[in-house]
Structure formats: C-alpha cells, structure tokens
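Quick note, this note's numbering runs 2 ahead of the 1-based positions in the sequence shown. Using N, Cα and C, we set each Cβ at its ideal position, and we do this for glycine too. Structure, as structure tokens:
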Amino acid sequence: MKVYIKNQQRQQKINLQKIQKLLRKILQLLSLPQAELSILFVNDRRMRLLNYQYRGIDRTTDVLSFPQEESISLKNLNLMKNVILGDIVISVPKAKKQAKENGLTFYEEIKRLLIHGVLHLIGYDHENNNKDFREMQKITNKLINQTEDI
C-alpha cells in the first residue's frame, strides 16, 4: 500500500503521518490493502482553479477526487492485487470553515473528507445516484467509527 501526501498550503499545519496512518486503516477496512492513492492539501485559490479546470465550476469546494479508472467498483477492485485508485485534493480553508460550522475539530472534518474522497475513487457517485448517496453516508459513518482511535 502506498499513500502519497503533499501539503501545498500554509494556513494550517497538518500531521502527515497521522493522515497516512488513517488512510492505511481506511483502505484496510475497505479490503484494499494493496491500493495506491495520492492526497493533496491546497488553499482555496488552487482548489477553485482545479474545480474550474476539471468541472467547469468557478468556485472553491471542499474535496475533489480524480479516479484512475472511470468505471470501477469496489467489487472489481477487491479482485485486483495492486491498484492505483487516483488522487484526492482537499481545500484546507474550506475544511476549517466546515469543521467550525458542523461543530467538528479540523481533523474530524479532514477525516470525513478523506473518506468521502476515497469512496468517490472506488466508484460511488452521490451527485447522480440517490442509492450511492445513502450508501456513502452509511459507509462514511461506519469508517469514522472504526477509525476513532486514529
């Protein structure tokens, strides 16, 4: 399992080792111990540019996911030995704002966004599928509970 993490923002210090440990646990719980992915922490300006470039939306967002394979499912992933899931980009300022609004710590919000991003990488699409929306909420809550110690 390889998890690449890059912090390209200066607003908030991020414990990259803790993020790495969390992601390894999430991938293990999803039965994807051989998966690879990368995480990028950015500021709102960079996130807005990425959101516009890849989605045509000219505003920042909390998390973007870029799957390596477009039409892949968790079932298919579990059959593969080594798989590159893709990339997750998180806006740190947006995460800080949402944490405050939702009564969460910054790290709790980052955890929620990482799980959300991973679920998109493995094929879940809450924007176009109500069933996936409900399933993503269920899996997110379960993974948050299973990673409380991290």
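With distance defined between alpha-carbon atoms, name the residue in the options nearest to residue i.
{"i": "M3", "options": "Q55, A97, K27 and R57", "result": "K27"}
{"i": "N9", "options": "T63, Q36 and V91", "result": "V91"}
{"i": "E153", "options": "T62, L87, D64 and L25", "result": "Here the chain covers residues 3 to 152 and nothing more, so residue 153 does not appear."}
{"i": "Y109", "options": "K20, Y6, I7 and R12", "result": "K20"}
{"i": "L42", "options": "D89, Q22, R12 and L32", "result": "D89"}
{"i": "Q13", "options": "L123, T149, L115 and K99", "result": "K99"}
{"i": "R114", "options": "E129, R136, Q55 and D64", "result": "D64"}
If you follow the beta strand (DSSP E) that residue i is part of, which residue opens it and which one closes it?
{"i": "E38", "result": "A37 to V44"}
{"i": "G58", "result": "Unbroken run through G58: none, as it is neither H nor E."}
{"i": "L123", "result": "Not the beta strand (DSSP E): L123 falls in the alpha helix (DSSP H), residues F108 to L123."}
{"i": "N9", "result": "K4 to N9"}
{"i": "D89", "result": "V85 to S93"}
{"i": "L66", "result": "V65 to P69"}
Would you mind stating whether residue i and residue j have Cβ atoms separated by less than 8 Å?
{"i": "S67", "j": "G125", "result": "no"}
{"i": "R61", "j": "R48", "result": "no"}
{"i": "V94", "j": "N45", "result": "yes"}
{"i": "Y25", "j": "V5", "result": "Sequence check: residue 25 is Leu here, not Tyr. Contact flag set, yes."}
{"i": "L31", "j": "Q148", "result": "yes"}
Given this structure, state the Cα-to-Cα distance separating residue i from residue j, to the nearest angstrom.
{"i": "D127", "j": "L39", "result": "18 Å"}
{"i": "L145", "j": "L121", "result": "11 Å"}
{"i": "T142", "j": "I117", "result": "6 Å"}
{"i": "K133", "j": "R57", "result": "23 Å"}
{"i": "I112", "j": "A97", "result": "6 Å"}
{"i": "I16", "j": "G105", "result": "19 Å"}
{"i": "L123", "j": "L18", "result": "20 Å"}
{"i": "E150", "j": "L29", "result": "15 Å"}
Taking the alpha helix (DSSP H) that residue i falls in, what are its first and last residues?
{"i": "K23", "result": "L18 to L31"}
{"i": "L145", "result": "N132 to Q148"}
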